[in-house]
Amino acid sequence: MVRKTLAVWTLASALACSLGACGGPAQPEPSEPAAPESSSVAEPAASEPAAAPSPDPAEVVAAPDRSEDDREVDARRKPAKLLAFLELEPGMKVADIGAGTGYTTELLARMVGPEGRVYGQNPAFVLERFARAGWDERRAKAVNAEIVVSLEREFDDPFPDDIEPLDRVVNVLFFHDFGWMEIDRAAHLADAFAALRPGGRYVIIDASAAEGRGLDDSKSLHRVEEALVVREFEAAGFVRGRSADFLRNPEDTLDWNALPWRDAERAARGEFSDKFVLEFIKP
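Per mature numbering (1 follows the signal peptide of the UniProt record, and there is no 0), the sequence shown runs over residues -23 to -1, 1 to 260.
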């Protein structure tokens, strides 16, 4: 697969200096000094252009033009902590697997800025049954219009062969669906591995299933066993990276339906499904 060179977004910086003069008692006018042997003056070395600072995740989440619907989701998704975990920089190229109506996609776009790119992937099934209107509306927003690229592709073939090398792939609450949808997970992971640049990361967030359940509860409870995820990513060539516990809930009994809107109903009562956050790195 031919990949394009990753572009890096930088801002130029300039060095300003000023000179001052001091006064004193009147002195006789000095004679004109002799001219130097060479009239050429060495220019100071140009400073390196400064890289654009990464946006603060908390400020991105607090942006006044985010919708009220998105803000309602924030309480159970904790997006500022997710964005911090992703370690995004301006100009990065990122993919959102199972983007849905684009809640996470927009946050990613705000982080990578106008020199970056966010690929929002959705299969036709998701768009036609759940997300088409909301996704189209999201992409039309000014903050997304020049950054977000829609990929209407299946989960087992999420990226075109000529996609630019990706810095991050993000999968929020969709990996478990690969079970009941009978997605070829090995093909999905192989495609993601090929699309990522060396050192690129695949970050997955999903609801925990009980030990030994694998994907048996993927349709009835919308959960996946963490150990299965680790095994399959490592089998695909990824190296396990960091993990985070900001979505963990050790009091979750793991026996109820963690479908996002069911999870929202429980969250309104102060109950949350236990979710793992895992990072896998392409060597």
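Every residue, glycine too, gets a C-beta built ideally from N, C-alpha and C. Fair warning: this is a prediction, and the values are worked out from it, not measured in the lab.
- DSSP places R145 in the uninterrupted beta strand (DSSP E) bounded by L143 to V149.
- Of the residues assessed, E105 falls on the exposed side of the cut-off, its CB having fewer than 16 other CB atoms within 10 angstroms.
- A straight-line Cα-Cα distance of about 34 Å links D134 and D229.
- In terms of CA proximity to L173, G214 leads the group G214, E209 and R162.
- For the options N234, A241, F223 and W233, the alpha carbon positioned closest to that of K252 is the one of F223.
- When secondary structure is reduced to three states using DSSP, E159 falls in the coil class, being assigned neither helix nor strand.
- By the criterion of at least three beta-carbon pairs nearer than 8 Å, the region 161 to 179 is in contact with the region 114 to 134.
- Here the C-alpha atom of V95 lies approximately 12 Å from the C-alpha atom of Y80.
- Under the criterion of beta carbons closer than 8 Å, S250 and A184 qualify as touching, at roughly 5 Å.
- By the criterion of at least three beta-carbon pairs nearer than 8 Å, the region 238 to 246 is not in contact with the region 60 to 75.
- For R53, the enclosing alpha helix (DSSP H) covers residues E45 to R54.
- Using a Cβ distance threshold of 9 Å, V207 and G156 do not count as a contacting pair.
- About 7 Å separates the beta carbons of F107 and G77, which is inside the 8 Å limit, making them a contact pair.
- Straight through space, the alpha carbons of I182 and A244 are spaced by roughly 17 Å.
- Out of G247, N148, K118 and A57, the CA that lies nearest to the CA of S44 is found in K118.
- R178 places its beta carbon less than 9 Å from that of E256.
- Spatial neighbours of A35 in its own chain (CB-CB distance under 6 Å, excluding positions within 5 residues in sequence) are listed in chain order as A57.
- Nearest to A86 by C-alpha distance, out of L231, N226 and L60, is L60.
- S195 sits buried, since 16 or more C-beta atoms from the chains shown fall within 10 Å of its C-beta.
- Inside the region 180 to 224, DSSP marks whole alpha helix (DSSP H) runs of 4 or more residues at positions 203 to 212, from first to last along the chain.
- Under DSSP, the beta-bridge partners assigned to F253 are D183.
- Separation of G247 and D138 (C-alpha to C-alpha, rounded to the nearest whole angstrom) is 44 Å.
- One thing to note: V103 has its Cβ no nearer than 9 Å to the Cβ of R116.
- Minimum Cα-Cα distance from L150 among the listed residues D144, H199, W112 and P142 corresponds to H199.
- Per the coordinates, the alpha-carbon of R53 lies some 26 Å from the alpha-carbon of G189.
- Residue range P237 to A244 is occupied by the alpha helix (DSSP H) that includes A244.
- DSSP places R94 in the strand class (E or B) of the three-state scheme.
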